[in-house]
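Data block below; observations after.
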Amino acid sequence: MASMASTSTTSTMPPPPPPPSMLAPGKKREGDISDSFASLSGLNATPLPDRYRQLKLSLVAGHDEAQIVASWHRLLDVLRAENDTIARLGPDVIPSLRFSHLEEDLKAKHEELKKRGVAVVRGVIPRDEARAYKDQIEAYVAENKDATRGFPPENPQVYELYWSAAQLAARGHPHLVATQKRLMQALWHVSDPHAPVDISQPTMYADRLRIRQPGDARFALGPHQDGGSVERWEPAGYGLGKVYDEVFAGRWEDYDAWDAGKRAGAVCDLHAGLGACSVFRTFQGWLSISDVGPRQGTLLVYPLAKLATVYTLLRPFFRPKVAASSSSSLPASSADFLSAANWEFTGGAAMTSDLQGATPGHGQEFPEGPNGEPLHPHLELARTMVHVPQVAPGDFVVWHCDGIHAVDKVHSGTGDSSVLYIPVCPLTEVNARYLARQREAFLMGLPGPDFPGGKGESEHVNRPPASAIVGEAARQAMGLAPFLDSGVVLAGDAGLADGLHQVQGALGDGNQLGQGGRLVGPALDLVAGQAPDALLDGVDGVLDLGVEAVHAVDEGGRGVGVGALALGLGMLGGLFEDMLERRQPMGEGRDGHVVEVDGSHCDGSWEGRGFFLLEKWDGTAEE
């Protein structure tokens, strides 16, 4: 019988770390982008506590050790071939999309986009408009020079700015919001139809900006992953969504890097790091506001989204039989060192607490070891980290939330390398809770909850007000308008049907539950039980339109105290408008009225699917 990885009694699940900070905006200490990474903040690498050894034992407990080892061997074989392709193609390996032909390009390059996990979307915002953002930012900085922080402090290249007029305009630009939506819908999916995530509804995540000047070598951020570090192995982190379970079971080919449902409830910031992201970002991204090319202070990526993550997760369970160093006869780049035959599984008593490059409260990095050898040698990052192609103002660069990326160590160009950091975030309950706190920070001019605290821009001259965010889509994405008015299509046709009322509640606006007259909920009794006063207050405006006889019955045919018109998803626009125009019910139940959609009576228990138009009703059927 094959040996099992659970060969030690010490594989008991370790206690989880403390929960992430829920500090109000501005309550974290002051800092800058260097605080997000151990390498930039000057931290020395120290061994992780023994609980991480126990954690690693628990992750492989009960799995066939031979299966895990075999999966490692398969992975190394694939990496060897793929790395050769990346090194040969360089920046050409990164797909480019045209905003003007986005649907066509997404379809034509779909598989390559999912494999690479990175893309350049050309011309999302007109060139002159995007370049003007930089001029506006520089004027804003000049007006508030003494109050604006950045890294490095003596000559900022990355500014602690979140709420400038240019940033608000870019985040809310209808072209950019539309691009975010289509990228999520085209590349991500939700395997669980009840997962609380909506990939059709972008939400704003206010991040920093970079204006990197020629010659800069201080903002030399090496290869890293955002979205936490140790959290990827933690049961209370990504383990909450079972995001990587297939990898730890020796079935990494079955791991789906594009399943948003599993990530919706994951915790990616267990240690409340300064600048550590606590929300679910499907993509990280930036909008270029300058012309910049390779070696000009720009981005480098490892363009294998799935394989990069799989290797990162499995690397701590294997060690070389014969070590390598820069001075040895077996360099880390040699085929003999990288050969699967030179690597062994560290199970049972051989298990260590090592999670190479992971530091609690900081991003995952891919550094060299004490002897100069890379800690993740099979990625061959020295030859596989490729520059993104030449970009122009208005181009939008995105990469998978698990993607390994870096910046040029030295800006060798002659012009500035300037970007606005703008990720792509879906609507989830976790993201909505963050959005509520971020909205509070915005109104006060403070950094968002994830970022270092202090006064931020609260005293900045010409800081824009909330009215500067215009357009319904932009205001929804910022949490300034109710999502319900967007007629969102829920993931898997059901995803937020069990939780969108909680999302709106998380935004702290009870009346948002009823604004627009629609609420998503799985059953009328649940709907009626959620803050009824707030719901009814929000519906009064709809009643003023003259909708008087729209009622519903519960599953048993009994009239309910709060009536509803249930509209099937996809039928919302035309059917709802038709109902308002006719001002009469479309069908009649035993004790009230129900709506018949596609031949099915939507009685409020219709698998949680449907939009409900609420109204006050005493339970008496009307003719």
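Using full-length UniProt numbering, you'd call the opening residue of the sequence shown number 1 and step up by one each time. No residue lacks a Cβ here, since even glycine has one placed at the ideal position from N, Cα and C.
Exercise. Using the C-alpha atoms, what's the distance from Thr203 back to Gly471?
Worked result: 14 Å
- [ ] Starting from Arg131, follow the beta strand (DSSP E) in both directions and report where the run begins and ends.
- [x] Premise fails: Arg131 lies in the alpha helix (DSSP H), Arg127 to Glu143, not in any beta strand (DSSP E).
Exercise. Please look up how many angstroms separate the CB atoms of Tyr205 and Pro449, rounded, as I've assumed it's under 8 Å.
Key: With a Cβ gap of about 11 Å, Tyr205 and Pro449 do not count as contacting.
What residue range does the alpha helix (DSSP H) around Asp336 cover? Ala335 to Leu338
Margin query: Can you tell me which residues form a DSSP beta bridge with Gln284?
Written below: Trp399
* To do: Output the distance between the C-alpha atoms of Trp163 and Leu75, rounded to the nearest integer angstrom.
  => 44 Å
| Are residue 629 and Pro49 close, meaning C-beta to C-beta below 8 Å? | The structure shown does not extend to residue 629, since the chain spans only 1 to 623, so no value can be given for it.
query: Quick one: Cα of Pro47 to Cα of Pro360, how far?
result: 11 Å
- Task: Identify, in the order they occur along the chain, each residue of the same chain with its Cβ nearer than 6 Å to the Cβ of Asn83, setting aside the five sequence neighbours on each side.
- Result: Glu380 and Thr384
Is Gly239 helix, strand or coil by DSSP? helix
Fill in: Same chain, Cβ closer than 8 Å to Gly293, neighbours up to 5 away in sequence not counted
His387, Pro389, Gln390, Val391 and Gly413
* **Burial state of His378 (16 or more Cβ within 10 Å)** => buried
Margin query: Beta-carbon within less than 6 Å of Ala332's beta-carbon, same chain only, minus the 5 sequence neighbours each way: which residues are those?
Written below: Ala324, Glu373, Pro374 and Pro377
Give the DSSP-derived three-state secondary structure of Ile86 in the structure shown.
helix
ask   = For Val407, which residues does DSSP report across the bridge?
value = Leu299
Check whether the region 131-141 touches the region 96-115, counting contact only when three or more Cβ pairs, one atom from each stretch, lie closer than 8 Å. no
ask   = What did DSSP end up calling Asp77 once you bin it into helix, strand or coil?
value = helix
- CA nearest to the CA of Asp259, picked from Ile199, Ala249 and Lys181: Ile199
ask   = Can you tell me whether DSSP reads Asp245 as helix, strand or coil?
value = helix
| task | Pick out whichever of Pro316, Arg80 and Gln201 has its Cα sitting closest to the Cα of residue 667. | result | Outside the shown range of the chain, which is 1 to 623, sits residue 667, and nothing can be said about it.
Hey, would you say residue 632 sits closer than 8 Å to Asp226, going by beta carbons?
An answer regarding residue 632 cannot be provided, because it is not within the stretch 1 to 623 covered by the chain.
Exercise for the section: Work out the CA separation of Ile469 and Ala169 for me, nearest whole Å. Expected result: 7 Å
**OP:** State the Cα-Cα distance for the pair His175 and Ile125, rounded to the nearest angstrom.
**Re:** 7 Å
Where does the unbroken alpha helix (DSSP H) through Arg98 begin, and where does it stop?
No alpha helix (DSSP H) holds Arg98; the beta strand (DSSP E) holding it covers Ser96 to Arg98.
query = What first and last residue would you give for the alpha helix (DSSP H) that runs through Glu103?
reply = Leu102 to Ala108
field: With 16 other Cβ atoms within 10 Å as the buried cut-off, status of Arg98
entry: exposed
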